[in-house]
Amino acid sequence: MPIALLTLLRLHFRGKIRHSLRGMRTPRGLVFLVLGLLVLSLWLGPALYRALRMPHAEPQMVRTIAPFAILGFCLSNLFTSFGDSAVPFTGAEVDFLFPGPFTRRALLGYKILKTALGTAFTTLILSILFLRYTTSWLACGVGIWLTIQFMQLFAIAVIMVGQTIGERAYSGTRRGILVVAALLAIIAIGTTLAARPHGNSLDFMMRVHATIAGRVLLAPFDVFAHTITAGGADLLKWGVPALLIDLLMVALVIGLDANYLETAATVSQRRYERRQRSRGGGVARLAGASGPRFRVIQLPRFGGAGPIAWRQLVGAVRSSRALLILLIVIGIAGGTFILQHRDNSFSSVEKLLGAVAWINMVLISMLKFDFRDELDRLDLLRSLPVRPIAVAAGELFTPVLVLTAMQATLLVAVSLCVKDGWKLALPIAAFAVPFNVLWVGIENLLFLMFPLRSAGLIAGDMQLFGRQMVIFPCKFLLLLAALAVVAAVGTVGYILGNQSWPAFGAVAWVALSLVALATIPVLGRAYGRFDPSMHTPP
Amino acid sequence: MIQVTDFCKAYRGTVAVEGLSFDVQPGQILGLLGPNGAGKTTTMRAITGVIPPTGGRLLVCGHDVTLEPVTAKALLAYVPDEPKLFEALTVWEHLQFIAKAYAVKNFEADAVALLDQFQLTPKRDALAQELSRGMRQKVAICCAYLHRPSAILFDEPVTGLDPHGIRTMKESIRQRAAAGAAVIVSSHLLSLVEDLCTDLLILNHGRRIFFGPVEGARVAFANVSGDASLEEMFFRATADKAA
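Keeping their order, the protein sequence lines are chains A and B.
Residue numbering for the first sequence is 1 to 538, as defined by our numbering.
Residue numbering for the second sequence is 539 to 781, as defined by our numbering.
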């Protein structure tokens with residue numbers, strides 16, 4: 001590899017360290033760094049303690065699950081790889097390296113080496129988390145690192161083969177491999193099921209693995225699982241073949257010397273544009289707009305809130321592909337939940353509340369059709385002849401609407417499929433809208449107070465990690481405080497209503513609605529105080 | 539210096555550029571003009587070796603970009619429309635890397651002079667992510683000049699630059715051409731092309747509409763008066779052929 005590319009790797013490494021340590025000279029940066037390290041140690045500490053002080057778990061678990069996981073990754077990679085796939089080069093690499101005096105092989109070698117070095121931090125974290133399930137930390141680290149390399153090389157190899165043999169031939173080959181894999185999987189699972197197995201899912205996986213078809217299907221991946229769990233001399237016995245498999249993959253991708261530059265440049269540009277779009281937006285924005293085929297009727301002006309809500313709503317509707325994916329995820333999770341409880345009449349609301357809360361927790365970070373999507377447009381927004389409170393109301397409208405719609409889907413399904421489910425779904429549905437206003441309001445309030453670009457996060461950046469760890473509990477503390485007020489007022493209603501639960505519910509609903517409505521002027525005030533010239537993060 | 543012969547580029551049935559031939563000699567500054575989608579960026583990216591041609595030959599100083607990519611690329615520099623820098627690297631580290639990539643010995647003095655020329659000296663140790671749009675453009679230009687390329691390709695070179703930067707940029711392009719570099723400037727700013735370029739290549743729908751000296755364009759589009767502006771010539775050239 002040319003020395004210049006090694007120099008670039010060195011400069012990148014130095015830059016990453018600098019990026020991670022930036023701001024340490026300021027007290028705030030130092031506090032965030034310390035908090036980040038503290039939270040990380042609180043996360044890894046228990047895993048380390050269990051690994052060092054408690055009896056180790058049976059390595060067989062890793063040996064059973066890991067090959068299935070790697071197989072799943074490889075198949076999904078094959079299944080989802082089509083014209084848009086490319087070796088992932090950054091925009092700067094395309095602009096500086098592609099026209100530079102480097103061969104395609106040298107650039108590919110650089111990319112593989114950079115990726116391999118870049119996974120060191122992930123390997124370190126994973127090796128600590130999995131330590132309890134292995135016999136040696138060294139083997140665990142080596143095994144995980146080699147496994148990650150295999151998976152990344154496999155992804156690159158799939159792309160390179162596709163670009164070498166042409167799209168049509170590749171589709172045929174890919175289909176062939178998928179059919180063979182599916183056949184082997186069907187035979188392995190069929191053989192196991194025919195024996196009417198007992199035990200849990202781990203036992204089932206072990207039995208599938210033990211069949212001839214299973215052994216054939218999982219053989220290449222067994223090597224990595226054994227390396228992760230190897231102890232002493234076994235590390236060499238399994239580690240060397242694992243390394244050889246990785247080197248074989250390297251030889252394959254370098255040897256093919258496919259002309260990947262054009263696709264990589266095009267995809268890199270597309271990713272760059274997508275990243276620019278997502279600098280303030282969420283997953284829905286990442287999926288890209290689906291074109292102007294969906295139209296949304298204009299909302300009334302409502303003092304300026306209407307047009308702002310309408311614009312965000314249009315964005316949400318045109319990201320409907322991503323929203324659909326989210327709905328499918330919720331459908332699968334909700335379906336599992338309903339299947340588990342279809343025979344029970346609910347005696348408590350905890351599980352349903354838990355499911356609704358899960359929807360809120362997961363979706364809030366994805367449905368950024370509010371201030372979090374406006375970071376680079378706050379100048380424009382502030383130039384509009386609209387009062388801050390109306391802007392705040394308009395910004396909250398779409399995420400609240402989408403969240404409520406998704407929760408409603410789950411609640412309707414529960415009402416229809418679960419015995420007496422409507423008795424619980426109905427009161428929860430009544431509280432959903434004010435709760436969502438409060439939840440999205442708090443999320444936006446903290447965002448305006450501590451604006452942060454999610455796209456700027458890099459692995460190992462302890463200050464950003466610390467910052468998020470501070471904001472996260474703040475969010476919950478604010479929510480808890482608001483809910484405590486609601487509960488207190490509801491309790492007063494309960495007492496005054498002669499210990500009546502409907503009275504509690506009605507008073508609590510009114511209190512929650514008032515608290516939720518109160519977040520709008522607070523949010524408007526925070527927006528009014530936001531100075532884009534000072535508060536916009538780089 | 540740059541020789542393009544019968545260059546074609548097609549994307550899944552769509553022909554982006556068809557049968558394009560032209561050459562740029564040392565000292566010439568060729569203005570590459572055309573409406574959006576005419577094939578300008580495709581041509582530039584093919585000359586730099588980023589995208590392979592579907593047909594034809596692309597030579598830089600006699601080296602085929604497809605057959606001898608490393609030798610050809612070592613002799614050219616490309617400044618894209620919106621240069622993307624390595625965000626975690628400083629300005630100086632970008633130059634350090636370029637010096638290594640193009641095997642430029644004792645680059646420091648030249649790098650310092652370039653930073654000075656483009657008013658980047660105070661930003662020498664600034665991270666790329668801290669730079670404004672114009673500054674990033676200037677860094678990309680400094681990187682392009684550092685190895686004294688024989689062929690330089692600019693895609694919208696003055697976008698984002700302040701008036702001082704634009705003047706420096708134009709002067710530097712003239713200097714490089716005077717020193718013997720072959721320069722291609724692709725831009726929609728007709729005044730920039732008129733001011734800077736010695737020759738013109740006008741593309742429309744992937745085909746060559748005109749190639750030759752700027753004065754020749756006035757002759758080619760004969761129904762335009764002798765002192766017609768480039769803007770008038772451009773509209774006539776692209777409108778006639780598009781129709």
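All C-beta atoms, glycine included, are put in the ideal place defined by N, C-alpha and C.
Local conformation of residue i per DSSP, three classes
i	result
A/N360	helix
A/P502	helix
B/H726	coil
A/G232	coil
A/G118	helix
B/C735	coil
B/V603	coil
B/T552	strand
B/R595	strand
B/N574	coil
A/Q60	helix
B/C546	strand
B/I791	Residue coverage of chain B in this structure runs from 539 to 781, which leaves residue 791 of chain B outside it and unanswerable.
B/Y616	strand
A/F472	helix
B/T776	helix
A/D95	helix
B/F560	strand
A/T134	coil
Rounded Cβ spacing between residue i and residue j (contact assumed at less than 8 angstroms)
i	j	result
B/R746	B/L571	So it is not a contact: roughly 11 angstroms between Cβ atoms.
A/L410	A/V356	7 angstroms
B/A666	B/F624	6 angstroms
B/F645	A/L11	That belief does not hold up - the Cβ atoms of B/F645 and A/L11 are roughly 15 angstroms apart, past 8 angstroms.
A/P99	B/G587	6 angstroms
B/V677	B/V629	5 angstroms
A/V87	A/I156	6 angstroms
B/V696	B/L741	That pair is no contact at about 20 angstroms.
A/K519	A/L424	For the record, residue 519 of chain A in the displayed sequence is Thr; it is not Lys. The pair is not a contact, with the Cβ atoms about 26 angstroms apart (cut-off 8 angstroms).
Residue i burial status per 10 Å Cβ neighbour count (16 or more: buried)
i	result
A/Q298	exposed
A/W145	buried
B/T581	buried
A/W501	exposed
A/F472	exposed
B/V555	buried
A/D222	buried
B/I540	buried
B/L768	buried
B/A575	The amino acid at residue 575 of chain B is misidentified as Ala; the sequence shows Gly. Under this definition B/G575 is an exposed residue.
A/F530	buried
A/V391	buried
A/Q499	exposed
Residue i: contacting residues in chain A (beta-carbon distance under 9 angstroms)
i	result
B/Y683	Under the 9 angstroms cutoff, chain A gives no residues; its nearest Cβ is about 14 angstroms from B/Y683.
B/P607	P101, F102, T103 and R104
Residue i: contacting residues in chain B (beta-carbon distance under 9 angstroms)
i	result
A/K16	A626
A/A182	Ordered by position in chain B, no residue passes the 9 angstroms Cβ test against A/A182, which lies about 30 angstroms from the chain.
A/A265	R583, V588 and I589
A/H19	E625, A626, L665 and Q667
Proximal residues of chain A, C-beta to C-beta of residue i below 8 angstroms
i	result
B/T580	Within 8 angstroms Cβ-Cβ: nothing; B/T580 doesn't reach chain A, min ~10 angstroms.
B/Q634	T7 and L11
B/G587	F98, P99 and L261
B/L614	P99
B/E694	Going along chain A, no residue has its Cβ under 8 angstroms from B/E694, so there is no contact; the nearest lies around 14 angstroms.
B/E556	Result: empty, since nearest Cβ-Cβ is about 18 angstroms, beyond 8 angstroms.
Chain-ordered chain B contacts of residue i [CB-CB under 7 angstroms]
i	result
A/D95	P618, P621 and K622
A/N259	P590
A/A4	F635, K638 and A639
Proximal chain B residues relative to residue i, where beta-carbon distance stays under 8 angstroms
i	result
A/Y272	K622
A/G541	A query on residue 541 of chain A cannot be resolved here, the shown segment of chain A reaching from 1 to 538 and no further.
Any chain C beta carbon closer than 7 angstroms to residue i
i	result
B/K676	In the displayed structure, chain C is absent; the protein chains listed are A and B.
Neighbour list for residue i in chain A, Cβ cutoff strictly below 7 angstroms
i	result
B/K643	Those within 7 angstroms of B/K643 in chain A number zero; the least Cβ separation is about 13 angstroms.
B/K611	P99, G100 and P101
B/E646	What B/E646 touches in chain A: nothing, since even the nearest Cβ is about 15 angstroms away.
Whole runs of the alpha helix (DSSP H) within the region 644-720 of chain B, excluding any shorter than 4 residues: Taking only runs of at least 4 residues, the alpha helix (DSSP H) segments lying wholly in the region 644-720 of chain B are 646-655, 671-684 and 701-716.
Length-filtered (4 minimum) alpha helix (DSSP H) runs lying within the region 366-454 of chain A: Whole alpha helix (DSSP H) segments, 4+ residues: 378-382, 388-417 and 421-449.
Unbroken stretches of the beta strand (DSSP E), 3 residues or longer, contained in the region 146-170 of chain A: Annotation: the region 146-170 of chain A contains no complete segment of the beta strand (DSSP E) (minimum length 3 residues).
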